[in-house]
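Q: Provided herewith is a single structure, encoded as structure tokens, for subsequent inquiry.
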Amino acid sequence: MLRTQLLPDFSIERDDSRCIRCQVCVRQCGFDVHRYDEDRDIILSDESKCAGCQRCAVLCPTSALTISPNRSSYAANSNWTRERISDLKRQAESGGVLLTGCGNDKGYPVYWDHLVLNASQVTNPSIDPLREPMELRTYLGRKPRKVEIANAEECQRDPLIKIETPLVFSALSYGAISAQAQESLARAAKQCGTLFNSGEGGLPRRLRKFKDNVIVQCASGRFGVEPEYLSNSAMIEIKIGQGAKPGIGGHLPGEKVSKKISSTRKIPLGTDALSPAPQHDIYSIEDLRTLIFALKEATNYEKPISVKIAAVHNAPAIASGIVRAGADVVAIDGLRGGTGAAPKAIRDNVGIPIEMALASVDKRLRDERIRNECSIMAAGGFRCSADVVKAIALGADAVYLGTAALVAMGCTLCQKCYTGICNWGICTTDPYLSKRVNPDVASQRLISLLQAWSLEIKEMLGGMGINAVESLRGNRDQLRAVRLSDWELDVLGVRGAGR
Amino acid sequence: MMSLCTASKDLTSIDSGVSFVEIDASGLEFRDLNNRIASAARSGARHIRLTRVYGQRYIGTRLNGLPPVTIEIEGVPGNDLGSFMDGHILIVHGNAQDGVGNTMYEGEIIVEGRCGDIPGMSAMGGSIFVRDDVGYRAALHMKQHGRKFPNLTVGGTAQDFLGEYMAGGRVTVLGLGYERHRMSFIGTGMHGGIIYIRGRIEEEQLGEGAQIKELKRSDLHFLSTQVERYRRLFGTCDEIGPKEFTKIGPTGTRPYSRLYS
């Protein structure tokens, strides 16, 4: 009987004149694609298992390997594409929900690519950030409506978190990513004076020393939400939703719940770690307020509380409720946000682009005159520093970087995170694979990324004649749109180019 | 809301080194009341009595990091009593509302009355004793790790979805005053922990993921200590034999292992 009707996704070409039989490819592939046949002294490759992660191609010392999309194709058909046919066959063979990783890869419009930035010419001279001070420092939290002078003892200010660049690492939980990858994020955040987010998997004891640089999450699974976890943090985030999978929960499969992960999450060894779809103590904005203040009470009102939602149709009204419920930060994760595992049907079809959600939330909070009462963090597929600058101009205080940080560490977006096998050692808890991430090296790569983007942001700000990032926040006058329709311009609050 | 100067009046008794403090909660917002409880505890109070409590939330939550305190509550405490609590004792001389012991880490909560919904939700440790009934989704997603497990004991009965998503911990329902339990969807999605219910439970009352299991010697020992503790806390109690209980546990630790392709 035919084992599978699926075509392999990738082709593997091995230049035999270059291959020296060193077997690096054999050892590097966690999917067991390559196999050395001693009798014939050749390396055989099973293309059906290849994820296209390029690990073997990059590490091959003689560049003998080329991994490329498999050229076989079905009869051309615009409706029944190869992806649709492959998915159908896979489900016909398994009967299960299709899982995937990373962010939405469908061709939804990326509005960043339809927005262009302003620069000063002649009037209002531009600023050279290499010669003149340029401020990227950002304070996250609730700000007072007006400035009042009080003596220090009477002064009751809501807690604010200072970050030196508006770039923060997204929630990536221990269990979804390796301990080494999480430590790399922590070290880079500390070095750059910014924050990383623990995700909902608790925080290993080893990382408690990064308490001034960590946002800890309290999500529906409530994993590892012990008193020390809450107190050793800069900020606490209530996770309601995630851009890659709005409205659904998730679970870390039992085989990934190792001894260390079970003790960090405070659950028994080897059981599925379930995150229910809703938080069962939150069925309303009033319930959300209850949890926000429970966390404030538990930490003596010393930490800002963030509430993270997926960008959905009525995000502005929800965000208004979140602020009125007492949150200090509203985090919004858009349609293209990444994940370690999500049903493909959800990832590719649920939610709205972050650009639309961000612009409409910022406008709503301004209209209601409560924009000062929270910071807005935008998340969901930020690819470069220009995306960040445009997001700040649309109203974001800071931006969450998930996928970009993973790519900096080695990720190639093969979307196989849900398998627990990651040849780059990031999205796995396998000890053999995860030691491929060396925190000394990976943290330096992350630091370099943040440095490069920060410098580019300064250059763009300087070009506009702006010397502090806070002067750009919500400053839509610095944006113009190309190739957008009237309703899109209206939602974004941006004029067309030339107007 | 009361003015600041009344705070010192409540605390006068601890100046003389007595570790007992009484606080009149009447008219105080929860934040003010919890401020006073925390400052009393920081000043050395180990036994605090709250009188005229009227719906103030999060009692016991603000005391993390302080030595163990016992708080007696007269009146009705508000939601999230003892949420995120770490190692204190709360005694309610009356009823409590929703979220008792929500995400509790350690400590003990004793309710001489009934509780609302989700008592013991996501608790990692500590114990909750409720004299009468509890509401919906009690013990939702309780956890356990190593030898540390949370424990919820209910004198009366519970509503639907008792022990939903349970990953660990123990729930004991004594059914005092009830011929039978009407709840359904018991243990839906549970993948750890144990639920003991005194009296007959039909298969139809169980949720997906839960099954009736055989009582073992270790169960009987645990149950007799729970019954004894209940009797000591709340006085009279019917004659209860540990064998009258139905034991409910998870069908497996991997409820969703075959859901995906």
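Respectively, the protein sequence lines represent chains A and B.
Be aware that the first sequence starts at 1, since it is given in my numbering, and climbs by one per residue.
Be aware that the second sequence starts at 1001, since it is given in my numbering, and climbs by one per residue.
Built from N, CA and C at the ideal position, the CB exists for glycine as well.
1) What span of residues does the alpha helix (DSSP H) with VAL407 of chain A cover, start to end?
2) For LEU1140 of chain B, go through chain A and note every residue whose CB falls closer than 8 Å to its CB, in chain order.
3) Which residue comes first and which comes last in the beta strand (DSSP E) that contains HIS34 of chain A?
4) Helix, strand or coil for ASN1035 of chain B, going by three-state DSSP, please let me know.
5) Closer than 8 Å by beta-carbon distance: list the chain B residues that pair up with ASP272 of chain A, in chain order.
6) Report yes if the CB atom of GLY1120 of chain B is closer than 9 Å to the CB atom of ILE1128 of chain B, and no otherwise.
7) Output the boundary residues of the beta strand (DSSP E) element that contains VAL307 of chain A.
8) Between GLY1099 of chain B and chain A, is any beta-carbon pair separated by less than 9 Å?
9) Assign GLN5 of chain A to one of three DSSP states: helix, strand, or coil.
10) Which runs of the beta strand (DSSP E) fall wholly inside the stretch 175-239 of chain A and span at least 3 residues, in chain order?
11) How many angstroms separate the CA atom of ILE285 of chain A from the CA atom of LYS296 of chain A?
12) What residue does the beta strand (DSSP E) around VAL330 of chain A start on, and which one ends it?
13) Please check if any C-beta of chain B sits within less than 9 Å of the C-beta of THR290 of chain A.
14) For the putative contact between ARG480 of chain A and ALA497 of chain A, defined by C-beta atoms under 8 Å, what is the C-beta separation to the nearest angstrom?
15) Comparing alpha-carbon positions, which option in A:LEU461, A:ALA393 and A:SER173 lies nearest ARG476 of chain A?
16) For the candidate residues B:GLN1211, B:VAL1053 and B:ALA1096, whose alpha-carbon lies nearest to that of VAL1134 of chain B?
17) In chain order, what residues of the same chain lie with their CB nearer than 6 Å to the CB of TYR1054 of chain B, ignoring the 5 residues before and after it?
18) In angstroms with no decimal places, state the Cα-to-Cα distance between LEU115 of chain A and LYS390 of chain A.
19) Beta-carbon of GLU511 of chain A versus every beta-carbon of chain B: anything under 9 Å?
20) Determine, for ASN232 of chain A, whether the minimum Cβ-Cβ distance to residues of chain B falls below 9 Å.
21) Among A:TYR418, A:PRO304 and A:TYR400, which one has its Cα closest to the Cα of ARG142 of chain A?
22) Cutting at 7 Å between CB atoms, please list the residues of its own chain near SER1008 of chain B, excluding the five before and the five after it.
23) Can you check whether the CB of LEU1081 of chain B is closer than 9 Å to the CB of VAL1100 of chain B?
24) Comparing C-alpha positions only, which one of B:ARG1200, B:GLU1164 and B:GLU1204 sits nearest to PHE1194 of chain B?
25) In the stretch 1169-1256 of chain B, which residue ranges form an unbroken beta strand (DSSP E) of at least 3 residues, counting only runs that do not cross its ends?
26) If you reduce the DSSP assignment to three classes, tell me which class THR1061 of chain B lands in.
27) Between HIS1088 of chain B and ARG222 of chain A, is the Cβ-Cβ spacing less than 9 Å?
28) Exposed or buried, which one is ASP348 of chain A when buried takes at least 16 other CB atoms within 10 Å?
29) Any Cβ of chain B within less than 9 Å of the Cβ of HIS551 of chain A?
30) Nearest to THR271 of chain A by CA position, among B:LYS1143, B:THR1253 and B:ARG1231, is which residue?
31) Mind checking whether GLN415 of chain A and GLY202 of chain A have CB atoms under 9 Å apart?
32) Is it right to say ALA96 of chain A is buried, meaning 16 or more other beta carbons lie within 10 angstroms of its own, or is it exposed?
33) In this structure, does DSSP put ASP1015 of chain B in helix, strand or coil?
34) If I measure Cβ to Cβ from SER178 of chain A and keep anything under 7 Å in the same chain, skipping five residues before and after, which residues do I get?
35) May I have a chain-ordered list of the beta strand (DSSP E) segments no shorter than 3 residues that lie completely inside the stretch 110-170 of chain A?
36) Taking Cβ to Cβ, would you say GLN242 of chain A is nearer than 9 Å to ALA310 of chain A?
A: In terms of the structure at hand:
1) As a first step, residue 407 of chain A is located in the first sequence; it is residue number 407 there, counting from the start. Here the alpha helix (DSSP H) through VAL407 of chain A covers 403-409.
2) Taking the first residue of the second sequence as 1, we reach residue 1140 of chain B at position 140. Per Cβ cutoff of 8 Å: HIS280.
3) Taking the first residue of the first sequence as position 1, residue 34 of chain A is located at position 34. Start and end: 34-37.
4) In the second sequence, counting from the first residue as 1, residue 1035 of chain B sits at position 35. The answer is helix: DSSP assigns ASN1035 of chain B an H, G or I state.
5) Residue 272 of chain A sits at position 272 when you count from the first residue of the first sequence. Going along chain B in sequence order, the residues near ASP272 of chain A (Cβ under 8 Å) are HIS1191, THR1253, ARG1254, PRO1255, TYR1256 and SER1257.
6) Taking the second sequence and counting its residues from 1, one reaches residue 1120 of chain B at position 120. Taking the second sequence and counting its residues from 1, one reaches residue 1128 of chain B at position 128. Going by C-beta atoms, GLY1120 of chain B is nearer than 9 Å to ILE1128 of chain B.
7) Counting from 1 along the first sequence, the entry for residue 307 of chain A is found at position 307. First-last of the beta strand (DSSP E) with VAL307 of chain A: 305-310.
8) On the second sequence, residue 1099 of chain B is found 99 positions in, with the first residue counted as 1. True, the Cβ-Cβ gap to chain A drops below 9 Å.
9) One-based indexing of the first sequence puts residue 5 of chain A at position 5. Coil at GLN5 of chain A, not helix or strand.
10) 214-218 and 235-239
11) As a working note, residue 285 of chain A is residue 285 in the first sequence. As a working note, residue 296 of chain A is residue 296 in the first sequence. Taking the straight line joining both Cα atoms gives about 16 Å.
12) Locating residue 330 of chain A in the first sequence gives position 330, counting from the first residue. From DSSP, the beta strand (DSSP E) with VAL330 of chain A extends over 329-333.
13) What you label residue 290 of chain A is simply residue 290 of the first sequence in a count that begins at 1. Yes, THR290 of chain A lies at the interface with chain B (some Cβ there is under 9 Å from its Cβ).
14) Counting from 1 along the first sequence, the entry for residue 480 of chain A is found at position 480. Counting from 1 along the first sequence, the entry for residue 497 of chain A is found at position 497. 4 Å between Cβ atoms; contact.
15) Position 476 of the first sequence, counting from 1, holds the residue named residue 476 of chain A. Distances from the CA of ARG476 of chain A to each of A:LEU461, A:ALA393 and A:SER173 were compared; the closest alpha carbon is that of A:ALA393.
16) Translated into positions along the second sequence, residue 1134 of chain B becomes position 134. Nearest of B:GLN1211, B:VAL1053 and B:ALA1096 to VAL1134 of chain B, Cα basis: B:ALA1096.
17) As a position in the second sequence, residue 1054 of chain B is number 54, starting the count at 1. Cβ neighbours of TYR1054 of chain B beyond the five flanking positions: GLY1075.
18) Indexing the first sequence from 1 puts residue 115 of chain A at position 115. Indexing the first sequence from 1 puts residue 390 of chain A at position 390. Taking the straight line from one Cα to the other gives about 7 Å.
19) Since the first residue shown for chain A is 1 and the last is 499, residue 511 of chain A is missing from the structure and cannot be characterised.
20) Reading the first sequence from its first residue, position 232 is the one you call residue 232 of chain A. Answer no: the Cβ-Cβ gap between ASN232 of chain A and chain B never drops below 9 Å.
21) Along the first sequence, read from residue 1 onward, the residue named residue 142 of chain A stands at position 142. Answer by Cα proximity: A:PRO304.
22) By one-based count along the second sequence, residue 1008 of chain B stands at place 8. Bear in mind that the predicted position of SER1008 of chain B carries a pLDDT of just 37, short of 50, making it too unreliable to give a figure here.
23) Locating residue 1100 of chain B in the second sequence gives position 100, where the first residue counts as 1. Locating residue 1081 of chain B in the second sequence gives position 81, where the first residue counts as 1. Cβ atoms of VAL1100 of chain B and LEU1081 of chain B: closer than 9 Å.
24) Locating residue 1194 of chain B in the second sequence gives position 194, where the first residue counts as 1. Looking at the sequence shown, residue 1194 of chain B is not Phe but Ile. Nearest of B:ARG1200, B:GLU1164 and B:GLU1204 to ILE1194 of chain B, Cα basis: B:GLU1164.
25) With a minimum length of 3 residues, the continuous beta strand (DSSP E) runs that stay inside the stretch 1169-1256 of chain B are 1192-1198, 1210-1213 and 1245-1250.
26) As a working mapping, residue 1061 of chain B is identified with position 61 in the second sequence. Looking at THR1061 of chain B - three-state DSSP - the assignment turns out to be helix.
27) The sequence position of residue 1088 of chain B within the second sequence is 88, counting from 1. The sequence position of residue 222 of chain A within the first sequence is 222, counting from 1. No, Cβ-Cβ distance for HIS1088 of chain B and ARG222 of chain A is not below 9 Å.
28) Taking the first residue of the first sequence as 1, we reach residue 348 of chain A at position 348. Label assigned to ASP348 of chain A: buried.
29) Because chain A is modelled from 1 through 499, residue 551 of chain A falls outside the range shown and cannot be assessed.
30) Translated into the one-based positions of the first sequence, residue 271 of chain A becomes position 271. Closest option to THR271 of chain A, Cα to Cα, is B:THR1253.
31) Locating residue 415 of chain A in the first sequence gives position 415, counting from the first residue. Locating residue 202 of chain A in the first sequence gives position 202, counting from the first residue. No, they are not a contact pair.
32) Locating residue 96 of chain A in the first sequence gives position 96, counting from the first residue. According to the sequence as given, residue 96 of chain A is Gly; it is not Ala. That one is exposed.
33) Here residue 1015 of chain B is taken as the residue at index 15 of the second sequence, counted from 1. For ASP1015 of chain B, the pLDDT reaches just 46, beneath the cut-off of 50, and the residue's location in the model is therefore unreliable, although a value from the coordinates is still provided. ASP1015 of chain B: helix per DSSP, three-state reduction.
34) Counted from its first residue, the first sequence places residue 178 of chain A at position 178. Answer for SER178 of chain A: GLY425, ILE426, THR428, THR429, SER434 and VAL437, listed in chain order.
35) 115-117, 138-140, 161-163 and 167-169
36) Within the first sequence, the letter at position 242 stands for residue 242 of chain A. Within the first sequence, the letter at position 310 stands for residue 310 of chain A. Yes. Within cutoff.
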